[in-house]
Amino acid sequence: MQYMLLIYHNEKTRLGVEDEAQLMQEYMAFTQDIVKSGKFKAGDRLETTANATTVQVRNGKAIVTDGPFAETKEQLGGYYIVEARDLDEALSIAARVPGAKHGSIEVRPVFQMNR
Amino acid sequence: MCRPPRAFRLMSLHDATVERLYREEFGRILATVIRLVGDFDVAEDAVQEAFTAGIEQWPRDGVPANPRAWIISTARHKALDRIRRSTRFAERRDELDRMAELAASSPDTMSDSDLPDERLRLIFTCCHPALAIEAQVALALRTLCGLTTEEIARAFIVPVSTMAQRLVRAKRKIATARIPYEIPPLEVLPERLAAVLAVVYLVFNEGYSSTYGDRIVRADMCAEAIRLGRVVCRLLPESGEARGLLALMLLQDSRRSARMTADGEIILLENQDRTRWNHEQIREGLTLVESALRSGPAGFYTIQGAIAAVHARAPRAADTDWREIEALYALLMRLAPSPVIELNHAVAVAMSSSVELGLQLLESIRVREELDGYYLMWSARADLLRRLGRLNEAADSYRRALELVSTEPERRFLGRRLQEVTPRGRSG
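Quick note, the sequences are listed as chains A and B, same order. If you use my numbering, the first sequence corresponds to residues 681 to 795, in order. If you use my numbering, the second sequence corresponds to residues 9 to 436, in order.
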């Protein structure tokens, strides 16, 4: 079963150069680890919400606005899609995402058509 | 193990076997069928249907040699039928294979010892932290105790539709997010067990602390919690905390018939007629506390059980060993710091050392303002001030408590106390 791990953090918290490098190192190690164990399906880091644009189609017309869909205290900064036996395994993978130490990881089951 | 829903009670007046089986075995049977079928919802319906079939058939055909195996087998067939009929048949192949395998070994001939007790898995699934706490409590009562949605709704004073939706959502999440149906691995077992114990104690407190709503249902909640506590103890005999919690519940519940007058007025611990305490329950509770204390470092519930034990051991209120209680609260403050526990500690100090010292500690908690909305802080403060003869200040504190209190018997009690400290002629 697949789960999406949505990585939320506060974009305003600026890390020092060394801390940033350290975090990158941790993400690389973590990603390699779940690739090796076959749990990794996909994953990316996202650009900040300052670079987000929101599109809505109303009455057939596309309305484009600057910024994220919702203003929140923590912003979506990246994601993984992992293969896990059950929620407990997904949660234990989520707990190892380096960003979990500063932000929050939302764990969502990926919709299955034929459940 | 628990109480059959009303419908069963009415239908089975002449069939003690079904009633007893439902009361004692519902949780265990459901747990087994969930594992066989792999679906909470289907299993639950199938078990209900199997009990209904038992009610119809047993008076006519006689009670089977092994009623539990009969119910499990019948429920399994009914679940199989349901899955076959369902449009999602194709996606359930592996489950059907599993069931076919099981069908080969007929449980009708199984002895009781061949049927493993699956309730522990069920308890851990119901109390999974991925479910909201209200949902955990409702699920535990529904599945482990066999209470109906109506009964749970009545006990928690929410509309039946709200409770039904809460249960449906929880079961849907168990299936959709695939909350595992298993005993957690050793490395997370302590925290998951803590969640289970918290649910059991919440059920107990729903029954014990609240004086609103349907009093009879709520007294039953204490009994359900104690039964759940017993199940956890039996299934996890090495857990000291599980025993500590069971002891705490037994000791608190032992005072039930002594803590209210016939017309529903509160009787404080110090004024209770101790001959009316349930001494059989006290004996069991004391034995459990001692064994929990011996089994390793005492946990949150064990220490509270030990505090309840000090009260239970005192033949008269004046014999209470308040020094021991003070020491136990000090221990609890280190283990699980909270302003409420600090407050209890301050009251114990007032009893064991001096009222002044207790009040001093209480004031140091009060100025932090964390407990400003907690009526028991104001009533405890009022009581200490009253004992020191500072009646005007006591009256002010009783008034603060009265503004916050939510239950009628407590409101009347505080009202009486306020009148006692208010000079004649002034309104209270």
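All residues carry an ideal CB built from backbone N, CA and C; glycine is no exception.
#### Entry: Interface residues of chain B facing M681(A) [CB-CB closer than 8 Å]
R186
### Task
Please check the pair G313(B) and V297(B), which I expect to be a contact at CB under 8 Å, by giving their CB distance rounded to whole angstroms.
5 Å
### Task
Please classify F749(A): is it buried, with 16 or more other beta-carbons within 10 angstroms of its beta-carbon, or exposed?
exposed
### Task
Going by DSSP, name the residue or residues bridged to I822(A).
Within the shown structure, residues of chain A are numbered from 681 to 795, placing residue 822(A) beyond reach of any answer.
### Query
Going along the chain, which residues of its own chain have a beta-carbon closer than 8 Å to the beta-carbon of A227(B), five neighbours each way excluded?
G215 and R264
### Task
Let me know if Q792(A) comes out buried or exposed under the rule of 16 or more other beta-carbons within 10 Å of its beta-carbon.
exposed
### Task
Can you give me the start and stop residues for the alpha helix (DSSP H) that F34(B) sits inside?
A24 to V45
### Message
Quick check on this structure: which residue in L149(B), R127(B), E249(B) and A183(B) has the alpha carbon closest to the alpha carbon of A523(B)?
### Response
Outside the displayed span of chain B (9 to 436) sits residue 523(B), for which this structure offers no information.
### Task
Take every Cβ of the segment 180–198 of chain B, pair it with every Cβ of the segment 44–56 of chain B, and state whether three or more of those distances are shorter than 8 Å.
yes
### Nearest candidate by alpha-carbon position, reference T693(A), set V777(A), T728(A) and L685(A)
T728(A)
#### Entry: Simplified DSSP assignment, three categories, for M681(A)
coil
### Query
Identify the residues that DSSP records as bridge partners of M268(B): which are they?
I274(B)
### Query
Which stretch, first to last residue, makes up the alpha helix (DSSP H) that contains D391(B)?
Its alpha helix (DSSP H) spans residues Y383 to R395.
### Query
Roughly how many angstroms separate the alpha carbons of R238(B) and I315(B), rounded to a whole number?
20 Å
### Query
So, helix, strand or coil for V777(A), using DSSP?
coil
### Query
Is it true that the CB of L686(A) sits closer than 8 Å to the CB of L756(A)?
yes
### Message
Are the CB atoms of R36(B) and R127(B) within a distance shorter than 8 Å?
### Response
Yes; because the gap between Cβ atoms is below 8 Å, this pair is in contact.
### Task
Go through its chain and collect everything with a Cβ distance to G304(B)'s Cβ below 7 Å, but skip five positions before and after it.
Result list for G304(B): G248, in chain order.
### Message
I'd like the list of long-range same chain contacts for L197(B), defined as Cβ closer than 8 Å, with 5 residues on each side in sequence excluded.
### Response
I191
#### Entry: Alpha carbon of V55(B) to alpha carbon of L139(B), nearest angstrom
23 Å
### Task
Flag this pair as yes or no: are the beta carbons of G723(A) and Y688(A) separated by less than 8 Å?
no
### Message
Which residue wins for smallest C-alpha separation from E763(A), given the options N739(A), I743(A), P778(A) and P789(A)?
### Response
P789(A)
### Message
Buried or exposed, going by whether 16 or more other CB atoms sit within 10 Å of the CB of K716(A)?
### Response
exposed
### Message
Please tell me whether A250(B) has its Cβ less than 8 Å away from any Cβ of chain A.
### Response
Judged by the 8 Å Cβ criterion, A250(B) is not in contact with chain A.
### Message
Using C-beta distances below 8 Å, list every residue in its chain close to L393(B), excluding the 5 sequence neighbours before and after it, in chain order.
### Response
L367, L399, E401, A402 and S405
### Query
Counting along the chain, where does the beta strand (DSSP E) carrying L743(A) start and finish?
What sits at residue 743(A) in the sequence shown is Ile, not Leu. Segment K741 to D746, the beta strand (DSSP E) holding I743(A).
### Query
Is it buried or exposed for R324(B), if we count other Cβ within 10 angstroms and need 16 for buried?
Answer is exposed; the Cβ neighbour count stays below 16.
### Message
In chain order, what are the residue ranges of uninterrupted alpha helix (DSSP H) at least 4 long that sit wholly in the segment 46–75 of chain B?
### Response
48–69
### Task
Express the C-alpha separation of R200(B) and F5(B) in angstroms, rounding to a whole number.
Any property of residue 5(B) remains undetermined from this structure, which presents chain B solely from 9 to 436.
### Query
In whole angstroms, what is the alpha-carbon distance linking R68(B) and G62(B)?
If you draw a straight line from the Cα of R68(B) to the Cα of G62(B), it comes to about 10 Å.
### Message
Suppose you measure from the CA of A317(B) to the CA of L294(B); what does that come to, to the nearest Å?
### Response
Looking at the two C-alpha atoms, the distance is approximately 6 Å.
### Message
For a cutoff of 8 Å on Cβ pairs, would you count P748(A) as touching chain B?
### Response
Answer no: the Cβ-Cβ gap between P748(A) and chain B never drops below 8 Å.
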